[in-house]
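K.L.:
Those letters in the sequence shown? Residues 4 to 117, by our numbering.
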Amino acid sequence: SKYETQQNELITTKIEFDQNKKVVMELSEQLSKVKAEKEEIKKETEALNKASIGKAEGLERELSQLKGVESKLRVDMERERSAHHTSAKAIAEQFGKFKQVSQTLVKKHESSVR
(Lines of atoms letter the chains of each structure in order from A and count residues from 1; the text may use other names and numbers.)
(Lines give C-alpha, C1' and ligand atoms only; values in the text may rest on other atoms or scores of the structure.)
Protein backbone atom coordinates (compact mmCIF):
# COMPACT_ATOMS: atom_id res chain seq x y z
CA SER A 1 0.00 0.00 0.00
CA LYS A 2 0.95 3.64 -0.34
CA TYR A 3 1.41 4.02 3.42
CA GLU A 4 3.91 1.12 3.56
CA THR A 5 5.82 2.53 0.59
CA GLN A 6 6.07 5.90 2.32
CA GLN A 7 7.04 4.18 5.55
CA ASN A 8 9.79 2.20 3.73
CA GLU A 9 11.03 5.37 2.00
CA LEU A 10 11.11 7.15 5.35
CA ILE A 11 13.06 4.28 6.92
CA THR A 12 15.47 4.26 3.93
CA THR A 13 15.88 8.03 4.17
CA LYS A 14 16.50 7.78 7.93
CA ILE A 15 19.15 5.04 7.35
CA GLU A 16 20.83 7.15 4.63
CA PHE A 17 20.69 10.21 6.91
CA ASP A 18 22.29 8.28 9.76
CA GLN A 19 25.00 6.93 7.44
CA ASN A 20 25.66 10.44 6.06
CA LYS A 21 25.72 11.83 9.60
CA LYS A 22 28.28 9.17 10.56
CA VAL A 23 30.43 10.02 7.50
CA VAL A 24 30.23 13.74 8.30
CA MET A 25 31.29 13.08 11.90
CA GLU A 26 34.23 10.92 10.77
CA LEU A 27 35.30 13.58 8.27
CA SER A 28 34.97 16.23 10.97
CA GLU A 29 37.21 14.18 13.30
CA GLN A 30 39.78 13.73 10.52
CA LEU A 31 39.65 17.46 9.78
CA SER A 32 40.23 18.23 13.48
CA LYS A 33 43.23 15.86 13.52
CA VAL A 34 44.65 17.46 10.36
CA LYS A 35 44.19 20.94 11.86
CA ALA A 36 45.93 19.81 15.08
CA GLU A 37 48.82 18.30 13.08
CA LYS A 38 49.07 21.48 11.01
CA GLU A 39 49.24 23.56 14.21
CA GLU A 40 51.90 21.23 15.64
CA ILE A 41 53.96 21.49 12.43
CA LYS A 42 53.57 25.28 12.52
CA LYS A 43 54.84 25.38 16.14
CA GLU A 44 57.77 23.08 15.30
CA THR A 45 58.64 25.20 12.27
CA GLU A 46 58.53 28.38 14.35
CA ALA A 47 60.73 26.74 17.01
CA LEU A 48 63.22 25.62 14.33
CA ASN A 49 63.23 29.11 12.81
CA LYS A 50 63.88 30.67 16.22
CA ALA A 51 66.67 28.16 16.86
CA SER A 52 68.19 28.87 13.45
CA ILE A 53 67.97 32.62 14.01
CA GLY A 54 69.51 32.15 17.47
CA LYS A 55 72.36 30.09 16.00
CA ALA A 56 72.93 32.65 13.25
CA GLU A 57 72.98 35.49 15.79
CA GLY A 58 75.39 33.49 17.96
CA LEU A 59 77.67 32.87 15.00
CA GLU A 60 77.53 36.56 14.06
CA ARG A 61 78.52 37.49 17.63
CA GLU A 62 81.40 34.98 17.55
CA LEU A 63 82.55 36.30 14.18
CA SER A 64 82.38 39.86 15.48
CA GLN A 65 84.40 38.87 18.57
CA LEU A 66 86.97 37.09 16.38
CA LYS A 67 87.25 40.17 14.18
CA GLY A 68 87.80 42.24 17.34
CA VAL A 69 90.51 39.83 18.52
CA GLU A 70 92.12 39.87 15.05
CA SER A 71 92.08 43.68 15.03
CA LYS A 72 93.61 43.83 18.52
CA LEU A 73 96.31 41.32 17.50
CA ARG A 74 97.08 43.43 14.42
CA VAL A 75 97.42 46.56 16.56
CA ASP A 76 99.58 44.66 19.09
CA MET A 77 101.76 43.24 16.30
CA GLU A 78 102.17 46.69 14.74
CA ARG A 79 103.04 48.18 18.14
CA GLU A 80 105.51 45.33 18.76
CA ARG A 81 107.08 45.79 15.32
CA SER A 82 107.30 49.52 15.88
CA ALA A 83 108.91 48.96 19.30
CA HIS A 84 111.47 46.55 17.79
CA HIS A 85 112.17 49.04 15.03
CA THR A 86 112.54 51.85 17.57
CA SER A 87 114.83 49.78 19.82
CA ALA A 88 116.88 48.62 16.82
CA LYS A 89 117.17 52.25 15.75
CA ALA A 90 118.15 53.26 19.31
CA ILE A 91 120.78 50.48 19.40
CA ALA A 92 122.15 51.61 16.03
CA GLU A 93 122.30 55.21 17.29
CA GLN A 94 124.05 54.10 20.49
CA PHE A 95 126.47 52.02 18.44
CA GLY A 96 127.09 55.04 16.20
CA LYS A 97 127.84 57.21 19.24
CA PHE A 98 130.07 54.49 20.70
CA LYS A 99 131.92 54.26 17.39
CA GLN A 100 132.43 58.05 17.34
CA VAL A 101 133.63 58.07 20.94
CA SER A 102 135.97 55.14 20.34
CA GLN A 103 137.35 56.74 17.16
CA THR A 104 137.87 59.99 19.06
CA LEU A 105 139.64 58.09 21.84
CA VAL A 106 141.78 56.23 19.30
CA LYS A 107 142.72 59.54 17.64
CA LYS A 108 143.52 61.14 21.03
CA HIS A 109 145.57 58.10 21.97
CA GLU A 110 147.42 58.21 18.62
CA SER A 111 148.08 61.90 18.93
CA SER A 112 149.27 61.51 22.53
CA VAL A 113 151.59 58.67 21.51
CA ARG A 114 153.26 60.82 18.85
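All C-beta atoms, glycine included, are put in the ideal place defined by N, C-alpha and C. Note that the structure is predicted; figures quoted are calculated from it, not measured.
Could you compute how far the alpha carbon of residue 82 sits from the alpha carbon of residue 97?
P.N.:
One C-alpha to the other measures close to 22 Å.
K.L.:
In angstroms, rounded to a whole number, what distance separates the CA positions of residue 48 and residue 42?
P.N.:
Using only the alpha carbons, I get a separation of about 10 Å.
K.L.:
Return the first residue and the last residue of the alpha helix (DSSP H) that residue 84 is part of.
P.N.:
Looking at the DSSP string, the run of the alpha helix (DSSP H) that includes residue 84 is 5–116.
K.L.:
In angstroms with no decimal places, state the Cα-to-Cα distance between residue 102 and residue 117.
P.N.:
Distance between the alpha carbons of residue 102 and residue 117: 22 Å.
K.L.:
Going along the chain, which residues of its own chain have a beta-carbon closer than 7 Å to the beta-carbon of residue 50, five neighbours each way excluded?
P.N.:
Within the same chain, residue 50 has no close Cβ partners at all.
K.L.:
Rounded to the nearest angstrom, what separates residue 95 and residue 115 at their Cα positions?
P.N.:
Roughly 30 Å separates the two Cα atoms.
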